[in-house]
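Chemist: Have a look at the structure that comes next, please.
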Amino acid sequence: MEGLTKIDDLGKPRVVIVGGGFGGLELAKALAHAPVQVVLIDKQNYHTFQPLLYQVATAGLDEGDIVSPFRKILNEQDNFYFRLAEVLSVDAQAQIVETSIGCVRYDYLVLATGATTNYFGDEQMAQNAIAIKSVEDAIELRNTVLSNFEQALQLGDMEQLNSLLDFVIVGGGPTGVEIAGALSELRKHVFPKDYREIDFKEMDIHLVQSGPVLLKGMSANASAQALKSLQEFGVQVWLEARVKSYDGYTVTLNNGQQLIARTLIWAAGVTGAPIKGLDATCLLPGNRYAVDVYNRVQGYENVFAIGDIALMKTEQYPDGHPMVAQPALQQGRLLGENIYRVLTNQLMQPFAYHDKGAMATIGRNHAVADVKLFGKEYHLQGVLAWLAWSVVHVVSLVGFRNRLMVLLQWTWSYLSYDKGLRYIIGKTKSTLVETSVEDKAIV
493 MEGLTKIDDL GKPRVVIVGG GFGGLELAKA LAHAPVQVVL IDKQNYHTFQ PLLYQVATAG
553 LDEGDIVSPF RKILNEQDNF YFRLAEVLSV DAQAQIVETS IGCVRYDYLV LATGATTNYF
613 GDEQMAQNAI AIKSVEDAIE LRNTVLSNFE QALQLGDMEQ LNSLLDFVIV GGGPTGVEIA
673 GALSELRKHV FPKDYREIDF KEMDIHLVQS GPVLLKGMSA NASAQALKSL QEFGVQVWLE
733 ARVKSYDGYT VTLNNGQQLI ARTLIWAAGV TGAPIKGLDA TCLLPGNRYA VDVYNRVQGY
793 ENVFAIGDIA LMKTEQYPDG HPMVAQPALQ QGRLLGENIY RVLTNQLMQP FAYHDKGAMA
853 TIGRNHAVAD VKLFGKEYHL QGVLAWLAWS VVHVVSLVGF RNRLMVLLQW TWSYLSYDKG
913 LRYIIGKTKS TLVETSVEDK AIV
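For the sequence shown, the residue numbers in my numbering are 493 to 935.
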């Protein structure tokens, strides 16, 4: 290992947090008044509000509206330090984290590395599909969609044309449902104005779900309503179907059906993002760390894991808590309190997840929500659920500026039926379609 990276020693116990997602950021905030030094390490210098990545991908929001720099969020927290680096490994015996910029000593280590896309070992899929787990992914998808239409204007061959206009979304969870709904709105309200030469009746949107229902984990009412709304929007939903292969052009389903599309959006699964160095026995299937009710990693006293990377088996959640924002936020908050309790010779409190429900939006005035309040569950749909979804997401954003910008952008889009962020900047997955002179449209 190389020498220790330069961080002021405050003479206090040092809590090193790896990952600034929902859990890591919430933990850092929770330790604001604790007698510790907080060091957050992340590969990016900003926090991403992941639930709205799909809106960046479909030109509804600017990427700057859903990110906020860590230093800006916590600039008034005196015990907070940030380092931009990639964590390479952990030496639990020496209590050192090895990073791309050197080594960092810790007294308490918290792994909040989240999850990454799971292609289930399909290398061809990993090469050809587009996932949405980062800002870069969302921008790449937006660029690809727009590039496809720019290319389509130059083609006369109908099969090649349709391959650029059609989209396949794999995964019927909230991300897949929301992308399908957003693309259908673009097809109806926006693209026909931008690309007047294209007949958008030829644009097909396919949503492929391996299970019998959409939005697994939500109520039967929400699943049925989501399916009904998507079908009304013209989305072709394939239930109990799996994608066997995708070569960048042909999508082959397990029922033998073949779909032609140059863009496949992968929203079918995630896997934990562990770090090298810890005992392999503490890593469970799905690459998640086995943790106890205090979020301690199995076999360690001062190493913790929170959020998507943590798998806490309980009677109510034998397979671990849902890999969504709320468990991460609640675990981060409680762990901050528990570290303070340890330092003040108090007993730690076990984690108990308070499920507040789930939401998914399908399009303008269409959404579903299972809301849990005061011990009761309420099932909302339509305009009321859409308003509830909008309010919850605006309030949950980090920073006043982001809340204001998102609110203004959504208001403008709602009133004008326009999504104004349709520009191609940076990387695209779109490939140039090879055509003969005869196939090219005459301009």
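C-beta atoms are modelled at their ideal positions from N, C-alpha and C, and glycine is treated no differently.
Please state whether DSSP places I509 in a helix, a strand or coil.
Modeler: Position 17 of the sequence shown, counting from 1, holds the residue named residue 509. Reduced to three states, the DSSP call for I509 is strand.
Chemist: In whole angstroms, what is the alpha-carbon distance linking P819 and M695?
Modeler: For the purposes of this step, residue 819 is taken as the residue at position 327 of the sequence shown. For the purposes of this step, residue 695 is taken as the residue at position 203 of the sequence shown. Rounded to the nearest angstrom, the two C-alpha atoms are 38 Å apart.
Chemist: Going by alpha carbons, who is nearest to R597 out of I631, F541, D847, G503?
Modeler: Sequence index remark: in the sequence shown, residue 597 carries index 105 (1-based). Minimum Cα distance to R597 is reached at G503.
Chemist: Whole angstroms are fine: how far does the CA of V886 sit from the CA of V863?
Modeler: Position 371 of the sequence shown, counted from the first residue, corresponds to residue 863. Position 394 of the sequence shown, counted from the first residue, corresponds to residue 886. Answer to the nearest angstrom: the Cα atoms are 17 Å apart.
Chemist: How big is the Cα-Cα spacing for Q542 and E628?
Modeler: As a working note, residue 542 is residue 50 in the sequence shown. As a working note, residue 628 is residue 136 in the sequence shown. Whole-angstrom Cα-Cα distance: 12 Å.
Chemist: Output the distance between the C-alpha atoms of I939 and Q547, rounded to the nearest integer angstrom.
Modeler: This structure does not reach residue 939, given that the chain is present from 493 up to 935, and the question cannot be answered.
Chemist: Beta-carbon separation of S888 and W902 under 9 Å?
Modeler: Here the question's residue 888 lines up with position 396 in the sequence shown. Here the question's residue 902 lines up with position 410 in the sequence shown. It is not a contact, given that the beta carbons lie outside the stated cut-off.
Chemist: For the pair the stretch 819 to 831 and the stretch 508 to 519, tell me if three or more CB-CB distances fall below 8 Å.
Modeler: yes
Chemist: Could you name each continuous alpha helix (DSSP H) segment of 4 residues or more that falls completely within the stretch 770 to 850, going from the start of the chain to the end?
Modeler: 817 to 835
Chemist: Going by Cα to Cα distance, which pick from N747, R688, V890, I661 is closest to L675?
Modeler: If you number the sequence shown from 1, residue 675 lands on position 183. Taking only the C-alpha atoms, the option nearest L675 is I661.
Chemist: Please report the distance separating the alpha-carbon of P810 from that of T608.
Modeler: Numbered from 1 along the sequence shown, position 318 holds the residue referred to as residue 810. Numbered from 1 along the sequence shown, position 116 holds the residue referred to as residue 608. Whole-angstrom Cα-Cα distance: 22 Å.
Chemist: Pop quiz: I565 and G799 are said to be a contact at Cβ under 8 Å. What is the actual Cβ separation, rounded to whole angstroms?
Modeler: On the sequence shown, position 73 is the one that residue 565 refers to. On the sequence shown, position 307 is the one that residue 799 refers to. 17 Å between Cβ atoms; not a contact.
Chemist: What would DSSP say about S711, mapped onto helix, strand or coil?
Modeler: Working through the sequence shown from its first residue, we reach residue 711 at position 219. If DSSP states are grouped into helix, strand and coil, S711 belongs with coil.
Chemist: Here's a check: name, in chain order, each residue in its chain whose Cβ is nearer than 6 Å to the Cβ of I767, leaving out the five neighbours to either side.
Modeler: Locating residue 767 in the sequence shown gives position 275, counting from the first residue. Around I767: V579, V582.
Chemist: Buried or exposed for K919, please, with buried defined as at least 16 other CB atoms from any protein chain shown within 10 angstroms of its CB.
Modeler: In the sequence shown, the residue the question calls residue 919 occupies position 427. In summary, K919 is exposed, with fewer than 16 beta-carbon neighbours lying within 10 Å of its beta-carbon over all protein chains present.
Chemist: For E615, count the other beta carbons within 10 Å of its own beta carbon; 16 or more makes it buried, fewer makes it exposed. Which is it?
Modeler: Residue 615 sits at position 123 when you count from the first residue of the sequence shown. Under this definition E615 is an exposed residue.
Chemist: If you reduce the DSSP assignment to three classes, tell me which class G673 lands in.
Modeler: Here residue 673 corresponds to residue number 181 of the sequence shown, with the count starting at 1. In this structure, G673 counts as helix in the three-state DSSP scheme.
Chemist: Go ahead and label F866 buried or exposed: buried means 16 or more other beta carbons lie within 10 angstroms of its beta carbon, across all protein chains shown.
Modeler: Taking the sequence shown and counting its residues from 1, one reaches residue 866 at position 374. Answer is exposed; the Cβ neighbour count stays below 16.
Chemist: Leaving out five residues on either side along the sequence, give the residues of the same chain with a beta carbon under 6 Å from the beta carbon of M851.
Modeler: To locate residue 851, count along the sequence shown from 1; it is residue 359. Hits under 6 Å: A861, W881.
Chemist: Alpha carbon to alpha carbon, what distance is there between G764 and K625?
Modeler: Taking the sequence shown and counting its residues from 1, one reaches residue 625 at position 133. Taking the sequence shown and counting its residues from 1, one reaches residue 764 at position 272. Rounded to the nearest angstrom, the gap between the Cα atoms of K625 and G764 is 12 Å.
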